[in-house]
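The structure appears right after this line, and notes come after that.
In my numbering, the protein residues as written are 875 to 1016.
Okay, here's the thing in structure tokens:
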């Protein structure tokens, strides 16, 4: 049985693909490791308006993770945008907005509103991206 020979083009392409995969893996893991050194925004207890178990930093990190990744499905993004949209009080939305901007605003598009607006996203369902943007803009969070 003979082994098929690699053409000159395949000899070049295969190592490039492997190198690109290794570089992406190192970049992605390094980026995730770097998230831990970003300080959390202080928790704001707004005289009982926010529940005691609400931490805006958690949702801010979820939003960053789905918008910063290269291969995040629209359904996954939609689920996180829905969490932001369905927060029960405006103060909670503002707290997430401030936490996101403090932690990640300088890493990309700027404010949370701009990050969401710039996000590549294909709406196959209800589409919470636009609803989240409208809620942020209704609070004058640009």
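Cβ atoms here follow ideal geometry from the backbone N, Cα and C, with glycine treated the same way.
Using a Cβ distance threshold of 8 angstroms, residue 1007 and residue 985 do not count as a contacting pair. For residue 1003, the enclosing alpha helix (DSSP H) starts and ends at 1002-1012. About 6 angstroms separates the Cβ atoms of residue 934 and residue 970, confirming a contact at the 8 angstroms cut-off. Distance from the Cα of residue 1011 is smallest, within the candidate group 932, 958 and 982, for 958. Only residues of its own chain outside the window of five on either side were considered, and among them 915, 930, 931 and 934 have a CB closer than 7 angstroms to the CB of residue 973, listed in chain order.
In the DSSP assignment, residue 946 falls outside any alpha helix (DSSP H) and carries neither an H nor an E.
Judged by DSSP in its simplified three-state form, residue 983 adopts coil rather than helix or strand. Per DSSP, reduced to three states, the secondary structure at residue 928 is coil, with no helix or strand assignment.
DSSP places residue 962 in the coil class of the three-state scheme, outside both helix and strand. In the three-state reduction of the DSSP assignment, residue 888 falls in the helix class, which pools H, G and I.
For the pair residue 1003 and residue 955, the CB atoms are nearer than the 8 angstroms cut-off. It is roughly 30 angstroms from the alpha-carbon of residue 888 to the alpha-carbon of residue 940. In terms of Cα proximity to residue 936, the closest of 1001, 950 and 945 is 950.
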